[in-house]
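Asks: Submitted below is the structure of interest, expressed as structure tokens.
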Amino acid sequence: MQIISDEYKLCYQLCGLEKVSNRAYVSHRLKKCDGYCVGKKSALIHNVKMLEGLSRLALKTWPYRGPLALIEKCRHNYIEKHLLIDNWCILGTADSAEEYVEILNKPPSPEIDRDIYKYLVSAIFSKNLQ
Ligand SMILES: [Zn+2]
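Heads up, the sequence shown is in the numbering used here, so the first residue is 11 and it goes up one at a time.
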């Protein structure tokens with residue numbers, strides 16, 4: 011939130027990053043805030059900018075109807091590793107497609123790893139998949 015606030019020159023107080031006080035807020039005095047807390051600009055503009063910043067953090071919609079298998083193949087010894095994913099969550103790994111049913115029948119684990127999410131978004135939306 012602080013990074014977004016600094017980038018968009020939002021108010022730390024309106025973002026909940028700074029305690030409310032009657033005097034000019036610290037971030038405004040430090041020229042980080044455009045003056046929303048002292049009435050120089052409207053809270054509506056502040057909130058629109060804040061939503062714009064937060065929207066960059068929102069998860070992209072899973073672009074498939076169901077799970078996806080990313081298959082990594084070694085050209086030298088033909089070993090494959092299959093990574094089954096659904097809604098950005100890793101369901102499991104397999105050595106072949108025969109193991110998919112077992113993995114898909116397990117209870118889902120809804121954790122999303124930030125680094126894996128970034129990798130998958132890059133791979134899926136840059137169309138590096140074959
Ligand atoms: Zn402020």
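Where a beta carbon is used, it is the ideal one built from N, C-alpha and C, also for glycine.
So the beta strand (DSSP E) alanine 79 belongs to, where does it begin and stop?
Replies: 78 to 83
Asks: Return the residue from the list Ser52, Pro117, Ala79 and Tyr22 that minimises the CA-CA distance to lysine 41.
Replies: Tyr22
Asks: Would leucine 130 and isoleucine 95 be called neighbours here (beta carbons separated by less than 8 Å)?
Replies: yes
Asks: Taking 7 Å as the cut-off, does the CB of histidine 38 come closer than this to any heavy atom belonging to ligand 1?
Replies: yes
Asks: Where DSSP assigns a beta bridge to glycine 102, which residues make up the other side?
Replies: Leu94
Asks: For glutamine 12, verify whether its CB is less than 7 Å away from any heavy atom of ligand 1.
Replies: no
Asks: Out of Gly45, Leu64 and Lys83, which has the shortest C-alpha to C-alpha gap to isoleucine 13?
Replies: Leu64
Asks: At the level of alpha carbons, what is the spacing between arginine 75 and asparagine 97?
Replies: 9 Å
Asks: Kindly indicate the opening and closing residues of the alpha helix (DSSP H) around glutamate 17.
Replies: 12 to 17
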